[in-house]
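Numbering (the numbering used here), first residue to last: 1 to 584.
In this text, a Cβ means the ideal position worked out from N, Cα and C, and glycines have one as well.
Quick caveat: nothing in here was measured; it's all calculated off a predicted structure.
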Amino acid sequence: MKELQHLNKYFLKYKFSLIFGILITIASKIFLLYTPRLIRKSINVVDEYRKGSITDIQLVKAELLENILYIIGAALITGILTFFMRQTIINVSRYVEYDLKNEVYQQYQKLSLNFYKKNRTGDLMNRISEDVTKVRMYAGPAIMYSINTITLFIIVISSMYSQAPKLTLYTLIPLPILSIIVFNVSKEIHKRSTIVQQYLSKLSTFTQESFSGISIIKAYGMEPQTFNNFDVLSTESKEKQLHLVKVQALFFPTMILLIGISNLIVIYIGGQQYINGEIKSLGTIAEFIIYVNMLTWPVATVGWVTSIIQQAEASQKRINHFLTIEPEIQNKASEPSKIQGNITFKNVSFTYDDTNIEALKDVSFTLNSGETLAIIGKTGSGKSTILDLIGRLYDIKSGELLIDNTPIDQVNLNSLRESIGYVPQEAFLFSDSINNNIKFGKEDATDEEAIQAAKYAQVHKNIIGFTKGYETVLGERGITLSGGQKQRVSIARAILKDPQILLFDDCLSAVDTETEEKILKSLNKLSKGKTTIIVSHRISSAKNADKIIVLDDGKIVQEGTHDSLTAQEGYYKSLYLKQLSKNT
1 MKELQHLNKY
11 FLKYKFSLIF
21 GILITIASKI
31 FLLYTPRLIR
41 KSINVVDEYR
51 KGSITDIQLV
61 KAELLENILY
71 IIGAALITGI
81 LTFFMRQTII
91 NVSRYVEYDL
101 KNEVYQQYQK
111 LSLNFYKKNR
121 TGDLMNRISE
131 DVTKVRMYAG
141 PAIMYSINTI
151 TLFIIVISSM
161 YSQAPKLTLY
171 TLIPLPILSI
181 IVFNVSKEIH
191 KRSTIVQQYL
201 SKLSTFTQES
211 FSGISIIKAY
221 GMEPQTFNNF
231 DVLSTESKEK
241 QLHLVKVQAL
251 FFPTMILLIG
261 ISNLIVIYIG
271 GQQYINGEIK
281 SLGTIAEFII
291 YVNMLTWPVA
301 TVGWVTSIIQ
311 QAEASQKRIN
321 HFLTIEPEIQ
331 NKASEPSKIQ
341 GNITFKNVSF
351 TYDDTNIEAL
361 KDVSFTLNSG
371 ETLAIIGKTG
381 SGKSTILDLI
391 GRLYDIKSGE
401 LLIDNTPIDQ
411 VNLNSLRESI
421 GYVPQEAFLF
431 SDSINNNIKF
441 GKEDATDEEA
451 IQAAKYAQVH
461 KNIIGFTKGY
471 ETVLGERGIT
481 LSGGQKQRVS
491 IARAILKDPQ
501 ILLFDDCLSA
511 VDTETEEKIL
521 KSLNKLSKGK
531 TTIIVSHRIS
541 SAKNADKIIV
551 LDDGKIVQEG
561 THDSLTAQEG
571 YYKSLYLKQL
581 SKNT
């Protein structure tokens with residue numbers, strides 16, 4: 001139960017609802033006791049009439065009618081109270097689930113990119129969905145049934161013992177056995193359910209990858225092999241499901257068997273005691289049979305609740321593991337920062353923790369506010385890493401990175417990122433309308449502003465060509481659009497935000513040179529007064545920049561303007577001549 005102590009803060013938050021739910025539970029069980037007592041009275045009246053103790057049939061009928069009305073009334077009140085009990089306690093579990101999911105999601109938002117590189121997306125999703133659901137079962141049904149069972153036991157057993165102590169002891173013998181059996185069956189169900197869930201995850205992963213990569217499967221003619229792999233996996237999943245069903249099939253028959261045994265004990269022992277005069281009335285036996293049936297399900301839930309608590313403990317442990325991780329990127333500045341856009345790298349070196357690759361080695365440059373810097377280099381030379389460090393997606397380990405002459409970790413993180421418009425190398429679009437994707441960085445933007453940004457990004461004509469235009473809903477990861485269209489929508493998103501710093505990470509690689517030229521003209525116009533960094537493999541994207549640096553193996557090997565770099569031997573001139581010859 002140590003891991004589940006994390007939920008105590010939520011229970012305190014909703015303590016009044018829980019206390020109210022407990023009081024309603026107690027009240028509902030008190031009214032529940034009226035039914036067996038009234039049935040005992042009714043049977044006793046009939047028995048006395050049969051023996052001749054009561055001769056007035058009208059008196060018997062009147063008492064039976066009165067008892068029936070009382071039973072109906074007690075049942076209605078019990079039903080209403082039970083409804084409110086469930087509404088109160090189960091609602092609390094839903095509130096706890098809501099709060100816990102928000103807490104987990106907020107933690108996910110805070111964690112750095114390193115965390116996401118080390119953990120699988122499926123596992124993260126499972127913890128915020130399946131694990132939180134299991135914890136909710138503890139916060140709701142487990143607590144409710146525990147309160148219900150304890151209350152019912154105290155009230156019912158007290159009532160039984162006051163009527164017939166000896167019969168009470170005999171009657172209760174099968175109930176602990178029932179609880180132990182249910183616990184063991186529940187434990188086996190849990191074990192087999194876990195295996196079933198694992199196979200369902202495998203099936204989901206396999207089918208998701210198959211659908212995402214359907215074009216590759218078709219191109220290589222791998223449909224038969226893919227189907228065979230799926231068939232093997234689904235067959236194994238079916239067998240695990242059948243193993244689970246076989247154990248589940250034991251649950252209710254076992255419960256019914258032990259209920260029957262308890263009822264037989266009541267009838268046999270109670271009958272003997274009635275014959276011997278130890279029990280005064282026949283109605284007591286009927287009352288006990290009802291009590292046994294009332295107790296059986298709560299006793300059965302002891303094993304079930306124990307299983308729920310075990311699952312919740314395991315799930316909360318997995319959740320707590322992530323909640324206790326301290327985010328690597330901390331916002332050390334409480335006050336907002338005014339970002340001008342001056343960027344300085346001083347002997348910055350950076351190594352990725354997950355791969356141990358040294359991406360940058362002693363990199364130094366200065367970029368004043370309003371200037372444009374182009375970064376050229378081979379694949380893996382460290383170009384994208386520079387942009388990631390400016391956005392503070394990672395913290396530097398060596399050297400200094402200054403924003404407006406202030407160490408970047410002393411700049412307000414929210415202010416920094418709000419002042420940056422970032423277009424990544426691989427454009428990511430959400431499964432939403434094109435209009436909302438463009439407005440992602442500025443949700444209060446007007447439709448006219450979104451259209452103007454799309455025009456600057458040279459994607460407006462493509463968008464209005466769609467049936468629903470800007471309201472076209474994109475598929476997963478923007479699959480509806482081509483690579484070039486996705487890049488241009490991402491550029492429109494950054495333009496619309498109107499930030500002080502613009503970062504373009506090889507975002508024109510999927511567009512033709514004519515469209516590239518038009519976009520660059522728009523960017524030159526829009527970037528006036530803004531600090532702009534363009535990462536590219538094309539000289540055409542870099543030639544108009546105020547400064548150009550060439551990276552190789554994480555080091556700056558060349559630095560200057562387009563004219564100065566084409567005038568000297570090196571990678572830049574070689575790349576320029578190569579691309580120039582291709583275009584002529």
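Environment of residue i [buried if 16+ CB atoms lie within 10 Å]
i           : result
residue 268 : exposed
residue 164 : buried
residue 253 : exposed
residue 581 : exposed
residue 50  : exposed
residue 73  : exposed
residue 76  : exposed
residue 156 : buried
residue 336 : exposed
residue 292 : buried
residue 120 : exposed
residue 460 : buried
Inter-residue Cα distance where the pair is residue i and residue j
i           : j           : result
residue 287 : residue 39  : 7 Å
residue 323 : residue 512 : 46 Å
residue 316 : residue 220 : 44 Å
residue 211 : residue 126 : 21 Å
residue 207 : residue 233 : 11 Å
residue 191 : residue 240 : 11 Å
residue 189 : residue 247 : 6 Å
residue 494 : residue 421 : 5 Å
residue 312 : residue 3   : 9 Å
residue 369 : residue 529 : 7 Å
residue 132 : residue 237 : 24 Å
residue 59  : residue 46  : 11 Å
residue 363 : residue 486 : 32 Å
residue 13  : residue 24  : 19 Å
residue 150 : residue 6   : 24 Å
residue 381 : residue 193 : 48 Å
residue 216 : residue 538 : 29 Å
residue 361 : residue 564 : 24 Å
residue 647 : residue 16  : No statement about residue 647 is possible, as the shown extent of the chain runs from 1 to 584 and does not include it.
residue 158 : residue 318 : 42 Å
residue 218 : residue 209 : 13 Å
residue 373 : residue 549 : 8 Å
residue 99  : residue 387 : 35 Å
residue 543 : residue 554 : 22 Å
Given residue i as reference, the closest of the options once Cα atoms are compared
i           : options               : result
residue 93  : 138, 153 and 57       : 138
residue 18  : 146, 134 and 114      : 146
residue 332 : 292, 407, 15 and 366  : 407
residue 345 : 401, 50 and 314       : 401
residue 472 : 433, 218 and 493      : 433
residue 78  : 96, 109, 30 and 110   : 30
residue 419 : 425, 426 and 411      : 411
residue 435 : 452, 283 and 427      : 452
residue 136 : 475, 519 and 91       : 91
residue 235 : 200, 214, 250 and 249 : 200
residue 84  : 55, 557, 68 and 28    : 28
residue 516 : 500, 88, 541 and 359  : 541
Reduced DSSP category for residue i - H, G, I as helix; E, B as strand; rest coil
i           : result
residue 253 : helix
residue 459 : coil
residue 590 : No information on residue 590 is available, as it lies outside the stretch 1 to 584 that the chain covers here.
residue 367 : strand
residue 557 : strand
residue 552 : strand
residue 55  : coil
residue 343 : strand
residue 533 : strand
residue 547 : strand
residue 511 : coil
residue 638 : Only positions 1 to 584 of the chain appear in the structure, and residue 638 is not among them; the question remains open.
residue 421 : strand
residue 338 : coil
C-beta neighbour in chain B for residue i, strict 9 Å
i           : result
residue 237 : Within the model displayed, chain B is absent; a lone protein chain is all it includes.
Any non-hydrogen atom of the ligand ZN within 8 Å of residue i CB
i           : result
residue 101 : Looking for the ligand ZN in the displayed structure turns up nothing, as the structure carries no ligands at all.
Return the chain-ordered ranges of every alpha helix (DSSP H) run that is complete within the segment 428-507 and spans a minimum of 4 residues. The segment 428-507 contains these whole alpha helix (DSSP H) runs: 434-438, 447-456, 460-464 and 483-497.
Quick check on the DSSP output: what are the complete alpha helix (DSSP H) runs of length 4 or more inside the segment 349-408, in order along the chain?
Those alpha helix (DSSP H) runs which fall completely within the segment 349-408 and span 4+ residues are 383-390.
*Unbroken alpha helix (DSSP H) runs of length 4 or more, entirely within the segment 114-156: which are they?*
Those alpha helix (DSSP H) runs which fall completely within the segment 114-156 and span 4+ residues are 121-126 and 132-137.
Suppose only complete runs of 3+ residues qualify. What are the beta strand (DSSP E) ranges in the segment 63-119, listed by chain order? Note on the segment 63-119: there is no whole beta strand (DSSP E) run with a minimum of 3 residues.
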